[in-house]
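As they're listed, the protein sequences go chains A and B. Position one of the first sequence corresponds to residue 1 (the working numbering), numbered consecutively onward. Position one of the second sequence corresponds to residue 1001 (the working numbering), numbered consecutively onward. Every residue gets a Cβ at the ideal spot worked out from N, C-alpha and C, and that includes glycine. First comes the structure, then the notes that go with it.
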Amino acid sequence: MMEKIKGLLYICGIFTFTFFHNIYLYILLIFFLFVLSGKEFIPIVKKTLFSITIFSSVVTASYVFINGFDWQYITLVNVRVFGITFMTFLFIKRVNLFKLFSFSENLMFIIVLSYSQILTFQKYLTDFRFALKSRTILKPDFSDRYNFFKRIVEFFMKSSLDRSKEINMAMKSRGFYTDE
Amino acid sequence: MNKEIISIKNVKYSYETATVLRDVSFQVKKGEKVVILGVNGSGKSTLLKVLNGLIFPSEGEYLYKGERITEKKLKDRAFNKKFRKEVVLLFQSPDSMLFNPTVYDEIAFGLRQLGEDKKVIDEKVRYWADKMGIYRHLDRPPFNLSGGEKQKVCLASLLVLEPKVLLLDEPTSNLDPRSTGWFIDFLYELDKTVITTTHNLGLALEMGERGIVLSENHTVIYDGCLKKFLKDRDKLIEANLIHIHKHRHGKVEHSHYHTHLFFD
């Protein structure tokens, strides 16, 4: 039950950040989220800033380029993105998604499959990074970095495709759906 | 042969949610072939990453040739260059190591970084490709090769640097029986310090004479003669490396611990 209440609060939070356009309300809400995050405050802030930096920079630059510099709007949008992202990371950290979606068997299957996919890919990505670090004697040049990123993209695209086919067959084999 | 090359003292390593190495200590001498045994999740791969200077112990210390390996130490360019050339790691999944457009470039990658002469690079690449039996694939992308061939490309890419220490993470897990046989023979002839992880008891003895065994509790529970360990039922049970299962002899059925091992 507790997980469902947290889920409901998260939806309310998203609603507040999306439908109200008041920066003071956002700041108040973000402060509240900071307090809730407790010991995990710094890691979640770091993760949030890392995730939104490129996105927010591109959006802000595009807005300034098209509409000119409106600092109030730019601040509002960036604080909103920060708030929603921070809240989402905190939510994922504090809520057991399996319990939250336990009311629907189909949703549970999707959550479990997505989660296992994330864990597998996370391990691969860590191994890719470590392998490059391990084999790098000097700082890799541009062409090495290009080859490395190209390979990672290709690998994950192909792996996603292969795994989705495999999972699809496994689900069919276990009677999750039929071809009718 | 007797000079100590690696020393691990009371090493602890924790990920965000769990400790994967606890109070791990051992030394490895130059030229030794050591097998690290343990069930999945016991910390074998993490230990190899510590030895390769990719992650650093939260407690304890790791010394390579008497020098303490820390994040700061590896920021020293000259030392980093020496260390990365001398201590190499073969990852469990060869896919994570391959990113160059051709097998030739993959093998040449490390040498190019060392600033070797083009002629020397060419000679060395061709020598190792030939030794590994992958010469005919030199112009092909490494990603499309079979698991065994990928493993050979990775090995050639590492050995071309003429390393002093070879760290092998479950090297036979992606190989078919024929490639496994080739790999065991190759390892036997290799005149280097080699540390190999595996949970395959049947192959462990082929990979080295000394065994270091990690328990499910992430501590070292055995360090010594591998053959002796494989005959020690209590230790095997403690490491969770043997299991009870049923046998049928005609109409008689019974169950006991089983290793599927055969000794001379």
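Should residue i be flagged as near chain A, meaning a C-beta pair shorter than 8 Å?
i       : result
B:E1072 : For clarity, residue 1072 of chain B is Lys in the given sequence; the question names Glu instead. It does not: the Cβ of B:K1072 has no partner Cβ on chain A nearer than 8 Å.
B:Q1027 : no
B:L1114 : yes
B:G1208 : no
B:F1109 : yes
B:K1065 : no
I want to verify the contact list: residues of chain A whose CB lies under 7 Å from the CB of residue i, in sequence order.
i       : result
B:Q1151 : Correct list: empty, because the minimum Cβ distance to chain A is about 13 Å.
Note down, in chain order, every chain B residue with its Cβ under 9 Å from the Cβ of residue i.
i      : result
A:F130 : K1049, N1052, L1054, I1055, L1089, F1091 and S1096
A:Y124 : S1093, D1095 and S1096
Using a C-beta to C-beta distance shorter than 9 Å, which residues of chain A count as neighbours of residue i?
i       : result
B:K1085 : I137
Find the residues of chain A that neighbour residue i, judging by a C-beta separation of less than 8 Å, and give them in chain order.
i       : result
B:P1101 : N147
B:K1235 : The premise fails here: B:K1235 is roughly 30 Å from chain A at the closest Cβ pair, so nothing lies under 8 Å.
B:K1081 : I137 and L138
Within the continuous alpha helix (DSSP H) that includes residue i, where are the two ends?
i       : result
B:Q1113 : V1103 to Q1113
A:R174  : Taken as a continuous stretch (DSSP letters only), A:R174 belongs to no alpha helix (DSSP H), as it is neither H nor E.
A:E3    : M2 to F19
B:D1169 : Run containing B:D1169: none in the alpha helix (DSSP H); it sits in the beta strand (DSSP E), V1165 to D1169.
B:Y985  : This structure leaves residue 985 of chain B out entirely; chain B is present only between 1001 and 1264.
B:F1083 : R1077 to E1086
B:R1210 : No alpha helix (DSSP H) holds B:R1210; the beta strand (DSSP E) holding it covers R1210 to L1214.
B:G1148 : G1147 to L1159
A:D127  : E105 to R135
B:D1191 : From DSSP, B:D1191 is part of no alpha helix (DSSP H); its letter is neither H nor E.
B:G1224 : From DSSP, B:G1224 is part of no alpha helix (DSSP H) but of the beta strand (DSSP E) over V1220 to C1225.
A:A61   : F41 to N67
A:T85   : W71 to R94
B:I1242 : Taken as a continuous stretch (DSSP letters only), B:I1242 belongs to no alpha helix (DSSP H), as it is neither H nor E.
A:F34   : I23 to S37
A:K99   : L97 to L100
Assign residue i to one of two classes, buried (16 or more other C-beta atoms within 10 Å of its C-beta) or exposed (fewer than that).
i       : result
B:G1052 : Reading the sequence as shown, one finds Asn at residue 1052 of chain B and not Gly. Counting Cβ neighbours within 10 Å, B:N1052 comes out buried, since at least 16 surround it.
B:P1177 : exposed
B:K1003 : exposed
B:I1237 : exposed
B:H1243 : exposed
A:D127  : buried
B:F1262 : In this prediction, B:F1262 has a pLDDT of 47, which is less than 50 and means its spatial position is unreliable; what the coordinates show is noted afterwards. B:F1262 comes out exposed.
B:H1287 : The structure shown does not extend to residue 1287 of chain B, since chain B is modelled only from 1001 to 1264, so the question has no answer here.
A:N67   : exposed
A:D70   : exposed
B:D1234 : exposed
A:V112  : exposed
B:D1130 : exposed
B:Y1062 : buried
B:D1117 : exposed
Can a CB atom of chain B be found closer than 8 Å to the CB of residue i?
i      : result
A:Y115 : no
A:D162 : no
A:R151 : yes
A:Y182 : Nothing about residue 182 of chain A can be reported from this structure: the residues present for chain A run from 1 to 180 only.
A:K165 : no
Could you round the C-beta distance between residue i and residue j to whole angstroms and report it? I think they count as a contact, below 8 Å.
i       : j       : result
B:K1012 : B:R1022 : 6 Å
B:K1073 : B:F1079 : 6 Å
B:V1050 : B:P1163 : About 17 Å separates the two Cβ atoms, so there is no contact after all.
B:Q1151 : B:L1175 : 6 Å
B:E1032 : B:T1193 : 6 Å
B:I1221 : B:L1203 : Not quite, the Cβ-Cβ distance comes to about 20 Å (not below 8 Å), so this is no contact.
A:K93   : A:I23   : The pair is not a contact, with the Cβ atoms about 26 Å apart (cut-off 8 Å).
B:L1205 : B:K1227 : 6 Å
A:L138  : B:Q1027 : Actually they do not touch by this definition, with Cβ atoms about 31 Å apart.
A:M87   : A:L161  : Not confirmed; about 33 Å, so no contact.
B:E1067 : B:V1165 : So it is not a contact: roughly 13 Å between Cβ atoms.
B:I1006 : B:S1025 : Not quite, the Cβ-Cβ distance comes to about 11 Å (not below 8 Å), so this is no contact.
A:V77   : A:V59   : 7 Å
B:T1102 : B:R1140 : 7 Å
B:L1159 : B:W1128 : 6 Å
Can you list the residues of chain B that residue i reaches, using a CB-CB cut of under 7 Å?
i      : result
A:D127 : F1091, S1093 and S1096
A:F155 : D1095
Which first and last residues belong to the beta strand (DSSP E) in which residue i is found?
i       : result
B:S1014 : E1004 to S1014
B:F1026 : T1019 to K1029
B:V1039 : Run containing B:V1039: none; DSSP gives neither H nor E here.
B:L1063 : E1059 to Y1064
Would you mind telling me which residues of chain B sit closer than 8 Å to residue i, beta carbon to beta carbon, in chain order?
i      : result
A:K133 : L1054
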